[in-house]
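**Q** Going by our numbering, the residue at position 159 of the sequence shown is 753; the numbering climbs one at a time, nothing skipped.
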Amino acid sequence: MERPRNPYSSAEIDRASHERENEERIIELASSGVARFVPIDTERNLISKAAGNPEAVFLQGMMARAVASTAEHHIFLGYVEGTPYFAVDVTGKETPLAELGEFVDLRQVGALLFAREGSILAYARGMTYWHRRHRFCGVCGSPTRVMRAGHVRVCTNESCKTEHFPRTDPAVIMLVHRGDKCLLGRGKQFPRGMHSTLAGFVEPGESFEDAVAREVYEEVRVRVRNVTYRSSQPWPFPASVMIGFHAEAESLEIEVNQDELASARWMSREELRPENLPKDGSFFMPRRDSIARRLIEEWLGHEAGPSIAG
C-alpha cells in the first residue's frame, strides 16, 4: 500500500515547467477567466471560515483580474485537474479581499485543509516569499526582473545578467530512538509544553546522513547509527524542505546543549499514549501537519492523518 504523503506535498500539481518559457501562453492562461489566483499577503494565505472549517480562497474571473492588476507580477504555479493556478502577492495593496476571508499563517489551519489545498497554498507562499527577497541581484546589487512565468529573476545589469532561481534550504529532521524510548526536545522558540524531534540545516559539503549525526551530537551529545530515510516535506516557513529520518542512539545518556535546546527528554511508547499524556499542557507533541509528528507516529506504530487537527 502506498504511504500517505506529508501535508503540503504537491503531488497533484502539474507544474508544467515546459510552458514557463512561453510568455504568450502564460498571458493567455492568466487572462482566460478559468485561471485561479492564490493571493498572499506578507506570507499569509487567504482563508474563509464561513462554512465552519477553514477553506482556501482562490480567486477567479473578474475578482482575480482586478486583484492581479494591482500586483507587480503573478507566478504560474501549474495545473490542478486542468485548471491553471497563479500566485499573486498583494502585500501592501488595496484590495476587496477582506470580505472573502482572512489572511492567516498557513500553519494555523494547514492540518484542517484538504491536502491539495494545503499544497497549493504552501507552494504559493514559498514562491512569493522568494520574490520579495530577490528584487536585487546578489552578485552586483542591480535590480532584477521577473522571467519564465515567475520562476527566474534576471539581473538587469548588462554586464552581469546573473539568473537567480527560487531557493529551498534542505534541513534534516530526525526521530532518535533506542529500544522502547525516543528522544524529544524543546526548542527555545516552541510554545510552552511542545516537544518535538531534533532538526537542523544541512551544511555545504555534507550528506543528509552526516547532517543527522552532526546535529544530534551537537544538540544532545548522542552518537547515532542506522540513520534511515523515512519521508520529506516542503516547509515554506519560510523556505525549507524537511528530510525526515529515524536514527538509533548508541546510548541513553544525554547532555543538552543549552545554546541549541531548552531541554530534551526520553519518552517511552507507553508515556506517549494519548491517555497518558499530561492534561495540564506541560507536554504535547507537534502539530499533525508537520513531518515531526509523522516521524513520531510512525515510530509509535500508527500513521498521523495529513488532514486531521491534533
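No residue lacks a Cβ here, since even glycine has one placed at the ideal position from N, Cα and C. Just so you know, these numbers come straight off a predicted model, no measurement behind them.
List the endpoints of the continuous beta strand (DSSP E) containing Leu769.
**A** Unbroken beta strand (DSSP E) run through Leu769: 763-772.
**Q** From the DSSP output, read off the bridge partner residues of Thr738.
**A** Looking at the DSSP assignment, Thr738 forms a beta bridge with Cys749.
**Q** Name the residue from Arg817, Arg599, Ser826, Gln783 whose alpha carbon lies nearest to the alpha carbon of Val770.
**A** The residue with the shortest Cα to Cα distance from Val770 is Arg817.
**Q** Rounding to the nearest angstrom, what Cα-Cα distance links Asp608 and Thr822 in this structure?
**A** Cα-Cα distance, rounded: 29 Å.
**Q** Where are the alpha helix (DSSP H) runs, 4 residues long or more, that stay fully inside the region 653-704, in chain order?
**A** Whole alpha helix (DSSP H) segments, 4+ residues: 655-662, 700-703.
**Q** Tell me whether Ser884 sits in a helix, a strand or coil according to DSSP, three-state version.
**A** Correct three-state label for Ser884: coil.
**Q** Short of 8 Å in beta carbon distance, which residues of its chain neighbour Lys755, apart from the five on each side in sequence? Order them along the chain.
**A** Excluding residues within five positions, the ones whose Cβ falls inside 8 Å are Val748, Cys749.
**Q** When the Cα of Arg742 is compared with those of Asp874, Thr791, His612, which residue comes out closest?
**A** With distances taken between Cα atoms, Arg742 lies closest to His612.
**Q** For His758, which residues of its own chain have a beta-carbon under 8 Å away from its beta-carbon, when the five flanking residues on both sides are left out?
**A** Closer than 8 Å at the Cβ level, and outside the excluded window around His758, lie His728, Cys731, Gly732, Thr738, Val746, Arg747, Val748, Cys749.
**Q** Just to confirm the assignment, what range does the beta strand (DSSP E) spanning Glu842 have?
**A** Per DSSP, Glu842 belongs to the beta strand (DSSP E) from 834-843.
**Q** Leaving out the 5 sequence neighbours to the left and right, which residues in its chain are closer than 8 Å to Glu800 when beta-carbon positions are compared?
**A** Excluding residues within five positions, the ones whose Cβ falls inside 8 Å are Arg808.
**Q** What distance in whole Å lies between the Cβ atoms of Pro633 and Leu715, which are believed to be in contact at a cut-off of 8 Å?
**A** The pair is not a contact, with the Cβ atoms about 10 Å apart (cut-off 8 Å).
**Q** Look at the alpha carbon of Ala658 and the alpha carbon of Phe652, and state the distance between them as a whole number of angstroms.
**A** Cα to Cα, Ala658 sits roughly 8 Å from Phe652.
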